[in-house]
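Engineer:
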Amino acid sequence: MKFISSLFFIILFIFISFNISAQCTGCDRIISTNTGFSVASGEKVCLTFNGVFTSNINFSGNGTLCVSTNTTISTSISMNINGNNNIINHGTWNKTFNIQNGTTFLNTGTGTVNMSDLTISNGSSFISDNGNPVNLGNVNNNGILDIAGPVTINGDINTNGSGSFVFGSTTLITGDINNAGNMQFNGDATVEGHFNNDGNGNIIINNSTLTVEGNFSNNGDITALGNCGRIDIAGSSTNNGGGNVGMDGSNVDICDVSGTQTGGFDSGGGNIGPNVTNCSCNPTVLPITLTSFTAKEKDNNSVYIDWKTVFELDNDYFQVERSVSGTDFSVIAQIPSQQNEDESYKERSYFVIDNLIDNQFATFTSKQTFYYRLKQVDTNGEFTYSPVVSVRIDKSNNEQIKLLPLQNEWKVESQNSVKVKVYSSIGILKGIYDLNQNQNTISVSNLAQGMYILHLQDSKTGKVTVFKVIR
């Protein structure tokens, strides 16, 4: 067996790969220490510091900041934001700031948000798509606020004609609402104060109940989706002359428990649609309670899609749909329900792996965004869709580092520059080498025979690949 050492080396391809940037991919720069930094125009910076980040962050405009799972953004940091930017949060975000100049804040993955007062300017967005609870203070919205999970707003809400709210789950507002924009409630909501729907205001109640513990005044439009949308009012209620309730024929139910008009508005005129009822319609219990739906990059040719439910009733199956445009979806998998007759209230987990290499996307460009949604189908054929989630596959950041052993040198093949650390089998550092496409070999003629451990770190992505080599 002498031929083993004569011309070749035994390469034990024991890969220990990990991505320093956690859920943040496609990074132009990685910040792993608690030091201040700036995000340049066109740059994507990934903050991977493990702990509470307390230093300052500056944005030049048109940049992207991605916060990884183990990072907590402190309330004490200073943020200077110029121009429109993208902030992607997978960690814990506690810093309050104004979202303005076209900036988008996306809370996704494992991210959580705890802010005090929040102002969203025209053209800017606050989106939380992961189903995790969100806690906010007073909200002034002139842009887009879309929250998939439970939300608590400890204060008032004010929105104007260009402001839009979508509440995807249970909602608690401890103060008053003055709405001159669009508000959609996809889950039960409670307003502990008063609710004024301005003449430009539009309220949509999607198969859920809006409870107003104070007074309710309507000058705008109220419509419903699903079986019905109900408003329970504990204080006085008025539908003023400009108010339109259920004029699209939808099933709006007005239930004023304090009034004398058999559950209807206490006073006012306005227009009442033909299918409006009073205290007689209860929103249908949905067949499932979906607590999460996520899509994550598994490798450069596949996506891991998973979801969880805590309640299922008369649920037949799920279909996972994919799109490259975000609008035209096609079915990629069908998964039967795990429900049984005796256990409706039980957490259930599902997953699908979308193997892109097995279909027409095998040759997609180096950077491609894929959109996914979940279709839930009842036993009677009725169905509902989940919110759309997206994942960006960046092949350029998933190129595998290769090691080619020659007799007197080791050759490294990589698309990016690589820092190589060579250790002996007992962990003694033998050398550090900075390699690139012009200089990609390490001379090993002076190394004694034995096992060596090589740590190869991609300078762009931070990904480390470990090889064990017997010389």
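Mapped onto mature numbering (1 follows the signal peptide of the UniProt record, and there is no 0), the consecutive letters of the sequence shown carry residue numbers -22 to -1, 1 to 449.
Beta carbons: idealized from backbone N, C-alpha and C, even for Gly.
When you compare the CB of Gly248 with every CB in chain B, is at least one pair closer than 9 Å?
Structural biologist: Given the protein chain composition of this structure (a single chain), no chain B is represented.
Engineer: Taking just the CA atoms, how far does Glu325 sit from Trp388?
Structural biologist: Cα-Cα distance, rounded: 51 Å.
Engineer: For Gln297, write down the residues that DSSP places opposite it in a beta bridge.
Structural biologist: Answer by DSSP bridge pairing, in chain order: Gln312, Lys353.
Engineer: Can you give me the Cβ contacts of Val230 inside the same chain, cut-off strictly under 6 Å, excluding the 5 residues immediately before and after it?
Structural biologist: Ile200, Ala202, Gly207, Val223, Gly224, Val254, listed in sequence order.
Engineer: Could you tell me the boundaries of the beta strand (DSSP E) in which Pro383 lies?
Structural biologist: Counting along the chain, the beta strand (DSSP E) containing Pro383 begins and ends at 380 to 383.
Engineer: In the DSSP assignment, the beta strand (DSSP E) including Met429 goes from what residue to what residue?
Structural biologist: Residues 429 to 436.
Engineer: Smallest Cα separation from Leu432: which of Ser327, Val396, Ile182?
Structural biologist: Nearest of Ser327, Val396, Ile182 to Leu432, Cα basis: Val396.
Engineer: Exposed or buried, which one is Glu360 when buried takes at least 16 other CB atoms within 10 Å?
Structural biologist: It is exposed - the Cβ of Glu360 has fewer than 16 other Cβ atoms within 10 Å.
Engineer: Could you tell me the distance, in whole angstroms, from the CA atom of Asn60 to the CA atom of Thr13?
Structural biologist: Using only the alpha carbons, I get a separation of about 20 Å.
Engineer: Beta-carbon within less than 7 Å of Ser33's beta-carbon, same chain only, minus the 5 sequence neighbours each way: which residues are those?
Structural biologist: The answer, listed in chain order, is Asn12, Thr13, Gly14, Ile55.
Engineer: Whole-angstrom Cβ separation of Ser140 and Asn100, contact assumed at under 8 Å?
Structural biologist: Their Cβ separation, rounded to whole angstroms, is 5 Å, which keeps Ser140 and Asn100 in contact under 8 Å.
Engineer: Measuring straight from C-alpha to C-alpha, what distance separates Ser10 and Val190?
Structural biologist: For Ser10 and Val190, the distance between alpha carbons rounds to 46 Å.
Engineer: Tell whether a beta-carbon distance below 9 Å holds between Thr130 and Asn116.
Structural biologist: Not a contact, by the Cβ cut-off of 9 Å.
Engineer: With a CB to CB cut of under 7 Å and the five nearest residues on each side skipped, what residues in its chain are close to Asp436?
Structural biologist: Taken in chain order, the residues that qualify are Ile379, Ser392, Asn394, Val396.
Engineer: Assuming Ser402 is part of the beta strand (DSSP E), what are its boundary residues?
Structural biologist: That run of the beta strand (DSSP E) goes 396 to 402.
Engineer: If you follow the beta strand (DSSP E) that Val422 is part of, which residue opens it and which one closes it?
Structural biologist: Segment: none, Val422 is in no beta strand (DSSP E) and carries neither H nor E.
Engineer: Can you pull the DSSP bridge partners for Leu291?
Structural biologist: In the DSSP output, where bridge partners are listed per residue, Leu291 has none listed.
Engineer: Is the CB-CB distance between Thr42 and Leu25 below 9 Å?
Structural biologist: In this structure, Leu25 does not lie closer than 9 Å to Thr42 by Cβ.
Engineer: Based on Cα-Cα distance, which residue from Thr287, Ala212, Asn260, Phe31 lies nearest to Gly69?
Structural biologist: It is Phe31.
Engineer: Is Gly171 closer than 9 Å to Gly153 when the C-beta atoms are compared?
Structural biologist: Yes.
Engineer: Using DSSP's beta-bridge definition, name the partner residues of Gly409.
Structural biologist: Answer by DSSP bridge pairing, in chain order: Val400.
Engineer: Pop quiz: Tyr349 and Arg300 are said to be a contact at Cβ under 8 Å. What is the actual Cβ separation, rounded to whole angstroms?
Structural biologist: Contact flag correct, Cβ pair sits at about 7 Å.
Engineer: So the beta strand (DSSP E) Val91 belongs to, where does it begin and stop?
Structural biologist: Looking at the DSSP string, the run of the beta strand (DSSP E) that includes Val91 is 90 to 92.
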